[in-house]
Structures are given as C-alpha cells and as structure tokens.
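Below is one structure, written out as structure tokens, with a few remarks after it.
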Amino acid sequence: MASPTVAANAYASLAKIIDQSGAGAAKGAETGGGPSFSALLKDAIGSVVDAGKKSDAQSMAMVSGKANVMDVVTAVAETDVAVSTLVSVRDRVIQSYEDIMRMPI
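Here is the structure:
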C-alpha cells in the first residue's frame, strides 16, 4: 500500500499536468455547440483526482480514529471505479487511434 506522502505527490503531479495541458486547450476549443474533448477529459481526470483525495482523507481519518470503516471502504471503492473507468476510456482512445492509423488513405 502506498504511503500518504507518495499518494499526495502523485495527485499533485497529476493536478499540475491537468493545469498545464488544460489551460490553453479549453479556451477556444468549443465548436459544434458542445464542450471539447480535452475539456471532458480534464473533468474526468479531475474527478478521479478528487475521488483519490477523498479516499486518502477517509483513510487518514480512520487511522486517527475519526472515521467509520464503511466510509473508508465506500471512498476506496468509488476511487477504484473512477480509476477503472478512466483506464477503460484510455484503452478505447488508444485502440481508436490505432484503428485510424491502420486505415488506408
């Protein structure tokens, strides 16, 4: 199990990446009446980071005796679902890119 320091550093790095990549992409990227793909991806990654932070906070509260075990288990399960969803989307995007690259011109 990762220590809280390692998890906090990972979340901070991910948040920094989101801030750097999303700053210029979301300004004028809305075309066709809907949000851009980069904005949706940024929101999805942000929700995974938030779920992870909540899970870590619940775990630390349980260690200090301030949280219920069920709250911790629920927070960890929500984080697991969020990460699994993000990985599935990533895999599908990579598969779609590979399919496009194999198309004849």
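Using my numbering, you'd call the opening residue of the sequence shown number 14 and step up by one each time.
Heads up, the beta-carbon is just placed ideally off N, CA and C, and yes, glycines get one too.
All figures in this text were calculated on a predicted structure; none of them were measured in a lab.
DSSP-derived helix/strand/coil call for residue i
i	result
Ser49	coil
Ala88	helix
Ala74	helix
Where residue i falls, given that 16 or more other Cβ within 10 Å makes a residue buried
i	result
Val55	Checking the sequence, you will find Lys at residue 55 rather than Val. So Lys55 ends up on the buried side.
Gln108	exposed
7 angstroms Cβ shell around residue i - same chain, five flanking residues per side excluded
i	result
Gly37	The predicted position of Gly37 is uncertain, since its pLDDT is 46 and thus under 50; a value taken from the coordinates is nonetheless stated next. Result list for Gly37: empty, nothing under 7 angstroms.
Assumed close pair residue i, residue j - CB separation to whole angstroms, cut-off 8 angstroms
i	j	result
Ser68	Thr92	4 angstroms
Ala95	Ala64	4 angstroms
Val85	Met75	5 angstroms
CA nearest to the CA of residue i, picked from the options
i	options	result
Val61	Asp112, Glu111, Val100 and Ser109	Val100
Ile58	Val102, Ala80 and Val82	Val102
Phe50	Glu111, Val106 and Arg115	Val106
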